[in-house]
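One structure below.
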């Protein structure tokens with residue numbers, strides 16, 4: 048009988064629990080035994096584990112966060128720690144470790160793969176949607192909808208006060224969330240780290256909007272574009288527009304996963320257990336052109352996912 | 048200068064307004080004039096129209112329903128009415144008519160195409176997701192999430208009372224909604240019109256669940272599977288299980304569209320205006336394998352979309 | 048050291064868990080030991096109990112339903128069962144039993160009080176808001192908001208199709224929910240069991256609305272007013288109005304409690320523990336004119352709560 | 048025939064539109080003519096008005112913000128401007144002006160009352176709930192629920208990461224929102240401007256929580272308690288606890304009003320029109336001990352509303 052481990056690592060994302068539910072139940076049906084490692088890579092270093100059966104994952108599919116807890120563990124990539132983790136896996140007689148997380152988690156898995164023969168299979172879960180190889184990550188659709196719902200509310204007050212609002216969404220280095228959110232709230236301006244937008248252009252759009260008779264303007268900005276407080280102040284100075292700033296913050300990580308984030312979690316789990324059965328390791332499961340398939344850990348870790356700038360152009364044209 | 052018309056027809060779906068916004072604004076950028084026909088095909092027979100400009104579609108992207116109103120119009124397909132509609136289009140000097148709707152709307156469009164040279168371009172919008180050629184319709188993701196949120200609530204009371212619940216979702220002939228919803232709420236049984244499920248099997252699953260220690264069971268049923276009241280009564284008789292029925296009803300058609308339904312509306316609108324610019328008509332825009340493309344009205348009307356039964360199997364395994 | 052019991056009985060209501068949290072933690076602070084009885088009065092007959100401490104009620108305040116489970120137990124009121132229950136309480140050395148529930152639960156408690164000296168203290172929790180003596184019950188505000196949110200969605204589709212909708216909400220004998228919901232969705236007609244509304248009047252309102260230019264009409268009906276299917280059919284016959292029916296069903300019982308339902312649960316729990324400390328029993332906690340106080344079980348069980356018909360009149364005038 | 052004016056002033060609050068709907072329709076039933084002034088007191092200075100009839104307030108009861116727009120107008124209280132506003136009212140032959148807003152708006156109304164005989168009637172609408180004389184303001188319940196829903200989501204991620212979170216809610220000078228929100232999310236610490244909480248005490252609570260086995264801690268802080276960034280940094284320094292900060296921001300002002308905020312708007316409007324009919328002016332409508340009544344502008348402007356500190360104590364005991 049095979050023994051499999053599950054770890055959730057890095058920032059949490061809605062749908063991680065649904066993925067755990069999928070992995071545990073589908074593994075159980077194959078007759079595998081399942082061990083959960085606690086608090087991300089840390090649990091692999093401290094050997095904190097719990098046995099997971101079909102009943103222990105009941106009632107969690109609609110709950111945000113992760114029952115296995117998670118943490119960022121920079122010390123994990125040190126050679127001695129990687130070797131120690133490999134020993135812990137061996138000691139627990141683990142055949143395969145499912146890693147639910149984002150880029151950082153997969154880099155950790157790739158490093159670990161150099162010290163162990165245990166099959167490592169990744170399931171991309173991240174509100175940033177920045178994992179190369181997959182069109183979407185578990186949790187992204189939820190974070191988008193959370194932010195969209197919030198900004199729809201801010202639009203109420205923006206319209207009532209005839210003001211401009213800057214809304215900062217998560218995304219320290221990438222603009223996937225900001226772009227998708229901006230498109231879907233009808234933002235007048237979308238600022239992403241991938242594109243340098245001159246202040247002049249922002250001010251021009253806001254001015255033109257006012258001239259067109261638009262009562263309010265929404266600027267959606269990824270946190271990675273710089274200090275949004277300063278941006279707000281600068282716009283107020285350039286134009287006689289009142290500007291207000293809201294930083295959405297950690298709300299975007301939580302909440303019950305959307306149907307799409309759940310479906311992704313389930314179909315990713317199915318594919319992951321398939322890969323395990325085929326003894327195919329050191330890969331991550333991905334969604335590519337509507338199909339669930341996989342790419343190697345090597346490949347996802349050595350490429351940078353491209354932001355679709357044509358959507359930025361479309362958003363601009365739609366907010367005419 | 049080209050003149051384009053827009054009509055929303057058949058059952059309404061969340062995101063129709065987002066599609067109207069997209070069509071109007073992108074058409075305006077091309078320099079086209081836009082006319083909205085009121086109340087579906089009826090407006091084409093009675094020549095009820097309004098001019099639509101970029102400002103007339105402000106503030107509608109997050110509102111359910113359709114500002115153009117809609118209706119079912121069985122009389123439209125009569126030869127004399129089709130000819131009359133063709134005359135109304137000519138009279139309004141319409142070059143292209145965008146039809147936002149489902150199968151019934153596209154059948155109407157196909158009939159109409161035999162009486163006019165006006166370019167007809169369809170945008171699939173339906174909570175049923177049953178349009179051949181497209182992986183998803185505008186509004187489907189919203190209806191799924193609405194139903195999932197409701198059933199998550201019903202699960203609370205099901206758990207408290209240790210009962211079984213049947214939840215009937217929309218879908219008179221097809222099970223796309225029921226299947227996706229059932230998968231995502233972790234339903235113990237999913238009943239779709241495409242698959243005949245013997246009463247014995249339903250009762251067996253419920254009995255086994257109770258034995259496994261599950262405190263509640265959820266059965267998601269498409270309305271097309273038959274009388275759910277009778278089903279509830281029969282299960283109660285076969286087993287000593289208390290069964291409660293909820294018919295979700297028209298709630299599923301309304302509500303603010305999800306981000307995904309909005310994105311679909313916008314990208315469909317973009318493709319539709321592209322087709323118009325290329326003088327390519329009698330087609331519907333579709334999402335196929337993650338890409339927005341198109342198929343002919345002929346093709347979509349002559350095929351039946353296949354339900355992915357492997358998802359049914361997956362849902363079953365996940366509710367172990 | 049005192050020993051207290053908690054039981055949730057009858058239909059579940061959102062906020063019951065918040066009340067349990069309040070009772071357990073505040074009792075613990077007083078140094079009392081807490082025992083939960085499972086599945087309503089049934090647990091008192093079968094002696095199914097669990098110990099509850101501050102940590103066992105962590106993370107439940109925002110979850111619908113009741114962790115103690117509930118059931119309707121008609122057999123409880125039989126003399127032999129009441130005596131048996133009294134013995135179970137004695138056997139567990141219970142000094143005080145907190146009963147979270149509605150009218151049926153308090154009638155049970157009153158009966159039980161004739162066979163035991165255990166202090167019985169009720170906390171009104173019911174989506175029906177029909178408990179005499181209190182202006183509001185735990186869960187009522189949540190059920191109202193759930194129904195209002197749903198009907199806001201139905202209004203979208205009603206407006207798009209220019210139809211009338213009947214929405215049936217819970218309330219077999221009383222109209223508190225229907226009235227409050229109807230007022231807050233701007234219903235054109237509100238039907239409650241307490242008032243006989245002639246068909247003629249309903250039809251007249253709908254006709255007048257159409258003449259005034261209203262695009263849709265919403266009729267909110269308590270389930271106790273009779274067969275809403277028949278009503279829909281009759282209206283369709285009387286008038287050339289398309290009528291659609293939605294029965295909201297069990298969705299109204301579930302969901303995360305609103306802030307108000309939580310606050311009520313907490314302040315009721317505080318008062319209940321106060322009563323216990325004062326050795327004041329056979330009472331229920333109530334909200335009266337903005338203040339949390341109490342009335343005797345005798346009093347609440349022997350009176351019928353009055354529906355405020357002036358609100359019905361106000362709703363009518365507001366939907367002008 | 049009487050002529051009445053309506054103005055919404057100061058910060059917007061969910062339910063202002065419901066109040067406008069109530070005032071317009073109930074006034075129309077009395078045969079009064081209704082004029083809306085645009086953009087708060089500014090519209091009174093610039094004479095920007097629109098006629099409002101029963102149909103012009105259709106479909107707005109569930110929409111956040113205010114269709115009359117609002118603004119803060121510090122210049123309004125200058126003597127010459129007050130006189131000018133009085134002239135504008137006379138010029139429009141206004142008999143009564145309904146002022147929907149908060150403390151600032153009522154101070155403006157009081158000043159204005161010294162220059163005009165027009166009846167001034169206030170309807171308290173503010174997410175801050177800081178208007179003296181009323182137990183609740185229109186919009187407060189909505190803002191509370193919005194914040195509670197958000198923080199429930201943050202709790203997901205707090206639990207997954209085993210971190211402490213500071214959540215800053217609105218309230219520059221008063222703690223009504225922070226206190227009610229904190230109580231209802233089960234916050235471990237609540238910081239309000241009315242109470243000085245030493246850093247030592249905050250750290251002690253967090254430390255004790257960790258020792259008790261609590262996996263996360265939530266600190267809810269009103270914006271008026273000082274720099275929350277600094278607070279987060281200080282806590283991190285004092286204890287080895289990871290602390291994250293989220294500022295909820297303008298989300299709290301928007302969104303569809305809850306049932307309670309709508310009911311308050313309707314019953315306040317009813318009372319306001321009653322006062323008008325009784326020629327009773329220079330008063331604001333209030334909710335006092337469960338009853339809708341009124342107090343004078345003089346009284347509300349000369350007192351400071353008391354925060355119920357016993358609720359703070361209760362919240363503390365409940366988070367044991």
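Residue numbers (my numbering), protein chains in the order written: chain A, 48 to 367; chain B, 48 to 367; chain C, 48 to 367; chain D, 48 to 367. Even for Gly, the Cβ is constructed at its ideal location relative to N, Cα and C.
Q: Using a cut-off of 9 Å between C-beta atoms, extract the partners of residue 222(A) located in chain B.
A: In the first chain, counting from the first residue as 1, residue 222(A) sits at position 175. Simply none; closest approach about 15 Å.
Q. At what residues does the alpha helix (DSSP H) containing residue 49(D) begin and finish?
A. Counted from its first residue, the fourth chain places residue 49(D) at position 2. That residue, residue 49(D), is in no alpha helix (DSSP H); it is neither H nor E in DSSP.
(Q) Restricting to Cα atoms, I'd like to know which of 144(C), 187(C), 164(C), 250(C) is closest to residue 71(C). (A) The residue labelled residue 71(C) in the question sits at position 24 within the third chain. With distances taken between Cα atoms, residue 71(C) lies closest to 144(C).
Q. From the beta carbon of residue 201(A), is the nearest beta carbon of chain D less than 7 Å away?
A. Position 154 of the first chain holds residue 201(A). With a threshold of 7 Å between beta carbons, residue 201(A) makes contact with chain D.
Q. In angstroms, rounded to a whole number, what distance separates the CA positions of residue 80(A) and residue 214(A)?
A. The sequence position of residue 80(A) within the first chain is 33, counting from 1. The sequence position of residue 214(A) within the first chain is 167, counting from 1. One C-alpha to the other measures close to 46 Å.
Q. In chain order, which continuous runs of the alpha helix (DSSP H) of length 4 or greater are located wholly inside the region 104–192 of chain C?
A. 126–138, 150–160
**Q.** Rounded straight-line distance, which links the Cα of residue 367(A) to that of residue 272(A)
**A.** Here residue 272(A) refers to the residue found at position 225 when the first chain is read from its first residue. Here residue 367(A) refers to the residue found at position 320 when the first chain is read from its first residue. Their backbone Cα atoms lie some 23 Å apart in a straight line.
Q. Short check: CB of residue 354(C) to CB of residue 241(C), under 7 Å?
A. One-based indexing of the third chain puts residue 354(C) at position 307. One-based indexing of the third chain puts residue 241(C) at position 194. Yes, these two residues count as a Cβ contact at 7 Å.
Q.
Is residue 206(C) close to chain B? Criterion is C-beta to C-beta, closer than 7 Å.
A. The count along the third chain starts at 1 and reaches residue 206(C) at position 159. Cβ-Cβ to chain B under 7 Å: yes for residue 206(C).
Q: Just the chain D side, please: which residues come within less than 9 Å of residue 140(C) by C-beta, in chain order?
A: As a position in the third chain, residue 140(C) is number 93, starting the count at 1. Correct list: empty, because the minimum Cβ distance to chain D is about 24 Å.
Q | For residue 208(D), three-class secondary structure by DSSP | A | Here residue 208(D) corresponds to residue number 161 of the fourth chain, with the count starting at 1. Three-state DSSP puts residue 208(D) in a helix.
Q. Out of curiosity, what's the CA-to-CA distance linking residue 299(C) and residue 348(D)?
A. Position 252 of the third chain holds residue 299(C). Position 301 of the fourth chain holds residue 348(D). If you take the alpha carbons of residue 299(C) and residue 348(D), they lie about 41 Å apart.
Q: Count the CB pairs spanning the region 284–292 of chain A and the region 172–192 of chain D that are closer than 8 Å, and state whether there are at least three.
A: no
Q. Which residues in the same chain have their Cβ closer than 6 Å to the Cβ of residue 50(D), if we skip the five residues on either side of it in sequence?
A. Within the fourth chain, the letter at position 3 stands for residue 50(D). 80, 140, 141, 142.
(Q) When you compare the CB of residue 313(C) with every CB in chain D, is at least one pair closer than 7 Å? (A) Along the third chain, read from residue 1 onward, the residue named residue 313(C) stands at position 266. Yes, residue 313(C) counts as interfacial toward chain D.
Q. Which partner residues of residue 96(D) appear in the DSSP bridge assignment?
A. For the purposes of this step, residue 96(D) is taken as the residue at position 49 of the fourth chain. According to DSSP, residue 96(D) bridges with 84(D).
Q.
In this structure, how does DSSP classify residue 102(B) when only helix, strand and coil are distinguished?
A. Counted from its first residue, the second chain places residue 102(B) at position 55. Three-state DSSP puts residue 102(B) in a helix.
Q. Whose Cβ in chain E lies nearer than 8 Å to the Cβ of residue 294(A)?
A. The structure shown contains no chain E; the protein chains it does contain are A, B, C and D.
Q. In whole angstroms, what separates the C-alpha of residue 335(D) from that of residue 278(A)?
A. Residue numbering aside, residue 335(D) sits at position 288 when the fourth chain is read from its first letter. Residue numbering aside, residue 278(A) sits at position 231 when the first chain is read from its first letter. Whole-angstrom Cα-Cα distance: 45 Å.
Q. Which of the residues in the region 55–68 of chain D, read from start to end, lie with their CB under 7 Å from any CB of chain A?
A. Answer set for the region 55–68 of chain D: 59.
Q.
To the nearest angstrom, how far is the alpha carbon of residue 340(C) from that of residue 297(A)?
A. If you number the third chain from 1, residue 340(C) lands on position 293. If you number the first chain from 1, residue 297(A) lands on position 250. Going by the C-alpha atoms only, they are around 39 Å apart.
Q.
Rounding to the nearest angstrom, what Cα-Cα distance links residue 169(C) and residue 148(C) in this structure?
A. Taking the third chain and counting its residues from 1, one reaches residue 169(C) at position 122. Taking the third chain and counting its residues from 1, one reaches residue 148(C) at position 101. The straight-line gap from Cα to Cα measures roughly 7 Å.
Q. If we ignore side chains and look at the alpha-carbon of each, how far apart do residue 128(D) and residue 121(D) end up?
A. By 1-based counting over the fourth chain, the position of residue 128(D) is 81. By 1-based counting over the fourth chain, the position of residue 121(D) is 74. So the two alpha carbons sit approximately 10 Å from each other.
Q. Closest Cβ-Cβ distance between residue 96(D) and chain A: below 7 Å?
A. One-based indexing of the fourth chain puts residue 96(D) at position 49. By this cut-off, residue 96(D) is not an interface position.
**Q.** residue 324(A) versus residue 359(A) - alpha carbon distance
**A.** Indexing the first chain from 1 puts residue 324(A) at position 277. Indexing the first chain from 1 puts residue 359(A) at position 312. The straight-line gap from Cα to Cα measures roughly 41 Å.
Q. From the beta carbon of residue 233(C), is the nearest beta carbon of chain B less than 7 Å away?
A. Walking along the third chain from the start, residue 233(C) turns up at place 186. Not one chain B Cβ lies under 7 Å of residue 233(C).
Q.
Among 332(A), 217(A), 78(A), 329(A), whose alpha-carbon lies nearest the alpha-carbon of residue 43(A)?
A. Since the first residue of chain A shown is 48 and the last is 367, residue 43(A) is not available in this structure.
(Q) Relative to the C-alpha of residue 352(B), which candidate in 343(B), 322(B), 182(B) has its C-alpha closest? (A) One-based indexing of the second chain puts residue 352(B) at position 305. Among 343(B), 322(B), 182(B), the Cα nearest to that of residue 352(B) belongs to 182(B).
Q: Hey, could you find the ends of the alpha helix (DSSP H) residue 407(A) is sitting in?
A: This structure does not reach residue 407(A), given that chain A is present from 48 up to 367, and the question cannot be answered.
Q: Could you confirm whether any beta carbon from chain D is found closer than 7 Å to the beta carbon of residue 149(A)?
A: Position 102 of the first chain, counting from 1, holds the residue named residue 149(A). Closer than 7 Å: no.
(Q) For the pair the region 219–230 of chain D and the region 91–107 of chain D, tell me if three or more CB-CB distances fall below 8 Å. (A) no
Q.
Cutting at 7 Å between CB atoms, please list the residues of its own chain near residue 229(B), excluding the five before and the five after it.
A. Against the second chain, residue 229(B) aligns to sequence position 182. Contacts found: 237, 267, 362.
**Q.** chain D contacts from the region 256–273 of chain C (Cβ-Cβ distance under 9 Å)
**A.** From the region 256–273 of chain C, only 259, 260, 261, 262 have a Cβ closer than 9 Å to chain D.
Q) When the distance is taken between beta carbons, is residue 328(A) closer than 7 Å to residue 167(A)? A) Counted from its first residue, the first chain places residue 167(A) at position 120. Counted from its first residue, the first chain places residue 328(A) at position 281. Residue 167(A) is a Cβ neighbour of residue 328(A), given a cutoff of 7 Å.
**Q.** Within chain B, partners of residue 301(C) - CB distance below 8 Å
**A.** Walking along the third chain from the start, residue 301(C) turns up at place 254. Within chain B, the residues near residue 301(C) are 199, 200, 201, 202, 203, 204.
Q: Label residue 171(D) either buried or exposed according to how many other C-beta atoms from any shown protein chain fall within 10 Å of its C-beta, with 16 as the threshold for buried.
A: Start at 1 with the first residue of the fourth chain, and residue 171(D) comes out as number 124. The residue is buried, with at least 16 neighbouring Cβ atoms inside 10 Å.
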